[in-house]
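**Student:** Per my numbering, the very first residue in the sequence shown carries number 1; after that it's consecutive.
We put the beta carbon where it would ideally sit given N, CA and C, even for glycine.
Fair warning: this is a prediction, and the values are worked out from it, not measured in the lab.
My questions will all concern the structure given below.
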Amino acid sequence: MDVAFFRHLGPELIRVLGGVRFDTVFSPAPGFWTFVFTPPVSLRDDSPPECKFLLARVDPRDGVLFLSPEKPANPLQPPAKAMWLRKRLRGRKVVGGRFDWPRKRLALELSPGEGRWLFVTMEDDPVVLDSLPDDFTLEPRWDSPREALEDPACPRSLRRALEREDPEDRQAFLDAFLDGRSAGFFLGESKEAARPGEGPLPWLPGRESVRFKNALEAALAYGRTAYFAALAPPGEEPKRAEVRRKKRLSALDQDQRRLEGLAAQHLYGEAVAANLSALDPKAKSGPLELSHPEHGPMAVPLDPSLTILENMERFFRKAAKGRRGQLHVERLRREAEDGLPAPVRPRQAQGSAKPAKPVPYGRGSAIPLHRFRSSDGFVILRGKNSAANHKLLSELASPFDYWLHAEGGPGAHVIVKRDHPGQDIPESTLVQAAILAGLSSWRAGDSKANVLYAQAREVRKMKGAALGQVRLDSAKTLLVDLDPSLEDRLRMDS
């Protein structure tokens with residue numbers, strides 16, 4: 001989190017947290033903290049979302065601090081430091097606060113109790129202190145842009161913004177920053193995000209340049225992805241990931257050319273259809289010179305082992321397959337360019353017609369799964385047997401993923417993967433996942449099926465019960481039409 005951005009985030013946090021009461025504290029992983037408070041607070045004065053969690057990641061470079069409407073999963077046994085903080089914070093109100101933006105430190109003043117200040121910094125775990133460090137109130141006060149640019153303590157983002165400003169406007173720009181005034185905040189990579197006349201602009205890294213009216217909204221947009229992504233298992237090295245990405249794109253280029261060739265066979269089918277009245281549909285023939293209604297004469301490569309009618313139908317089937325494949329390749333290309341992992345396919349065992357054990361999706365041991373991708377781009381996993389259903393829920397599902405299962409009888413467990421708890425799942429994806437659940441259940445032969453769905457955190461494994469048997473804390477029901485062709489359209493594996 002940028003130092004200059006913290007200059008604006010600190011006072012906003014103090015303002016909205018004033019009067020809230022701390023309930024408890026969690027630490028989902030070393031360096032990650034979740035503070036639960038009531039009542040919820042809104043990031044905007046005019047509308048939700050309402051947040052009741054203050055999330056912090058302690059890291060000098062990649063630390064984040066933001067208010068969130070959702071929290072990560074927590075370990076069953078909290079660490080000793082979390083218990084220490086719970087004892088000192090539970091039931092106490094925030095009555096004020098101070099912030100030290102050059103060092104990215106926040107101090108929330110508490111109602112009477114053990115310790116006066118909740119002290120949060122990006123350098124070390126939060127603590128409750130009786131008094132603040134002596135250097136807490138020390139912050140630079142530059143009288144001129146030149147003085148700021150010559151000071152090594154000047155944040156890099158502020159320095160770059162000043163250098164881009166017209167020299168005549170630098171003083172006003174600096175004064176606005178030091179006074180905590182800003183016309184907006186951007187989430188993006190553009191170095192030109194700070195525009196003349198819009199005031200100082202602390203920016204955060206991201207794929208696109210998105211503007212927010214206040215620092216709280218910007219911190220949530222960046223923090224919810226950065227925080228939950230950092231909790232996930234580490235990925236591969238950037239250099240190796242880039243090599244893989246280039247190979248994927250090269251392979252997708254080859255697939256694109258092949259699929260374009262298939263899609264072009266639609267013209268052959270149209271040429272045969274236009275001349276079918278002059279031909280014997282049941283006759284078998286080699287290549288013919290036929291006239292297309294729009295493109296004129298063309299050589300049509302008929303397969304002599306098929307009738308003319310069968311050739312025409314074959315052309316149209318291949319063209320439709322090519323068009324569907326092109327949509328799939330376009331989606332895979334976007335994912336590769338965004339750095340998302342490639343779909344996992346079971347590997348074929350050398351010299352054998354049987355596939356090798358499936359490669360797992362994400363962490364966990366190899367699990368026999370069917371893998372699908374919804375029309376909206378979400379990964380859908382379905383267990384192949386009761387053991388796979390058990391492992392799918394216990395090893396691969398995050399608490400905020402969606403779980404689905406046919407109502408009233410046996411069937412496969414289905415999981416819809418989400419990147420973070422705040423990610424919306426389109427209704428079309430839920431319906432497709434429900435159909436996939438119904439097609440692998442006791443209702444598979446019916447035209448419709450009722451399917452239960454809930455977040456994975458609401459699904460509990462039953463101690464001593466058979467593998468795959470669960471109980472639900474709460475669930476909703478979808479009534480869906482079972483379309484058997486959906487499996488082939490969405491399947492990621494062979």
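#1: Measuring alpha carbon to alpha carbon, tell me which residue in A80, S291, G325 is nearest L252.
#2: Among the residues of its own chain, which have a CB less than 6 Å from the CB of D100, if the five just before and after it don't count?
#3: D130 and G115 look like a contact to me (Cβ under 8 Å); what is the Cβ gap, rounded to whole Å?
#4: Within 10 Å of its beta-carbon, does S182 have 16 or more other beta-carbons around it, so buried, or fewer, so exposed?
#5: Determine which residues share a DSSP beta bridge with G31 and list them.
#6: Return helix, strand or coil for R460, following the three-state DSSP convention.
#7: Look at the Cβ atom of I367, then the Cβ atom of L392, and state whether they are nearer than 8 Å.
#8: Per DSSP, what kind of secondary structure is K93 in: helix, strand or coil?
#9: What are the partner residues of P297, as DSSP defines its beta bridges?
#10: Find out if the Cβ-Cβ distance for the pair W394, A466 is shorter than 8 Å.
#11: In whole angstroms, what is the alpha-carbon distance linking E496 and V300?
#12: Give the DSSP bridge partners of C51, in chain order.
#13: Could you pull out every residue in the same chain whose Cβ sits closer than 7 Å to the Cβ of V431, ignoring the five residues on either side in sequence?
#14: Are the beta-carbon atoms belonging to G96 and G10 less than 8 Å from one another?
#15: Can you give the Cα-Cα distance for F66 and G438, rounded to whole angstroms?
#16: Just to confirm my understanding: we take S441, look at its own chain, exclude 5 residues before and 5 after, and list those with CB closer than 6 Å. What are they?
#17: Could you give the residue range of the beta strand (DSSP E) that holds V120?
#18: For S305, which option in A283, K318, L231 has the closest C-alpha, if you only look at C-alpha atoms?
#19: Can you tell me whether DSSP reads E165 as helix, strand or coil?
#20: Using 8 Å as the threshold, is the C-beta distance between K318 and Q265 below it?
#21: Could you spell out the range, first to last residue, of the beta strand (DSSP E) harbouring D151?
#22: Using the three-state DSSP reduction, which class does M312 fall into: helix, strand or coil?
#23: Would you check if there are 3 or more beta carbon pairs closer than 8 Å linking the segment 52 to 59 to the segment 21 to 33?
#24: Between the C-alpha atoms of K52 and Q423, what's the straight-line distance to the nearest angstrom?
#25: When the distance is taken between beta carbons, is A153 closer than 8 Å to P145?
#26: Spatial neighbours of E289 within its chain, please: CB distance less than 7 Å, with the 5 preceding and 5 following residues excluded, ordered by chain position.
#27: Is the distance from the Cβ of V414 to the Cβ of F378 below 8 Å?
#28: Could you give the DSSP three-state label for V329: helix, strand or coil?
#29: In the DSSP output, what is S441 paired with across the bridge?
#30: Is it the case that the Cβ atoms of V451 and A434 are separated by a distance below 8 Å?
**Tutor:** Let's see:
#1: For the residues A80, S291, G325, the minimum Cα distance to L252 belongs to G325.
#2: Contacts found: F136.
#3: The C-beta distance from D130 to G115 rounds to 6 Å, short enough to meet the 8 Å contact threshold.
#4: Under this definition S182 is a buried residue.
#5: When DSSP reads this structure, G31 sits in no beta bridge, so it has no partner.
#6: Residue state, collapsed to three classes: strand.
#7: Cβ atoms of I367 and L392: closer than 8 Å.
#8: DSSP places K93 in strand when its eight states are reduced to three.
#9: P297 is bridged to S291.
#10: According to the sequence displayed, residue 394 carries Ser and not Trp. In this structure, A466 does not lie closer than 8 Å to S394 by Cβ.
#11: In the structure as shown, the chain starts at 1 and stops at 494, and residue 496 therefore has no counterpart that could be examined.
#12: Partner(s): V41.
#13: Excluding positions up to five away in sequence, the list reads L478, V480.
#14: Against a cut-off of 8 Å, the Cβ pair of G10 and G96 comes out as no contact.
#15: Straight across, the Cα-Cα distance linking F66 with G438 is about 40 Å.
#16: Once the five neighbours on either side are set aside, the close Cβ partners of S441 are A406, G411.
#17: Counting along the chain, the unbroken beta strand (DSSP E) around V120 starts and ends at 117 to 121.
#18: Per the C-alpha coordinates, the member of A283, K318, L231 positioned closest to S305 is A283.
#19: Coil, per DSSP.
#20: Taking 8 Å as the cut-off, the Cβ atoms of K318 and Q265 count as close.
#21: Following the DSSP letters along the chain, one finds D151 in no beta strand (DSSP E), marked with neither H nor E.
#22: Reduced to three states, the DSSP call for M312 is helix.
#23: Taking 8 Å as the limit for Cβ pairs, the verdict is that the segment 21 to 33 does touch the segment 52 to 59.
#24: Between K52 and Q423, the C-alpha separation is close to 18 Å.
#25: Going by C-beta atoms, P145 is not nearer than 8 Å to A153.
#26: Taking E289 as the centre and dropping the five residues before and after it, the same chain places the C-beta of P297, A299 closer than 7 Å to its C-beta, in chain order.
#27: No. Outside cutoff.
#28: V329: helix per DSSP, three-state reduction.
#29: As computed with DSSP, S441 is found in a beta bridge with G411.
#30: In contact: V451 and A434 (Cβ atoms closer than 8 Å).
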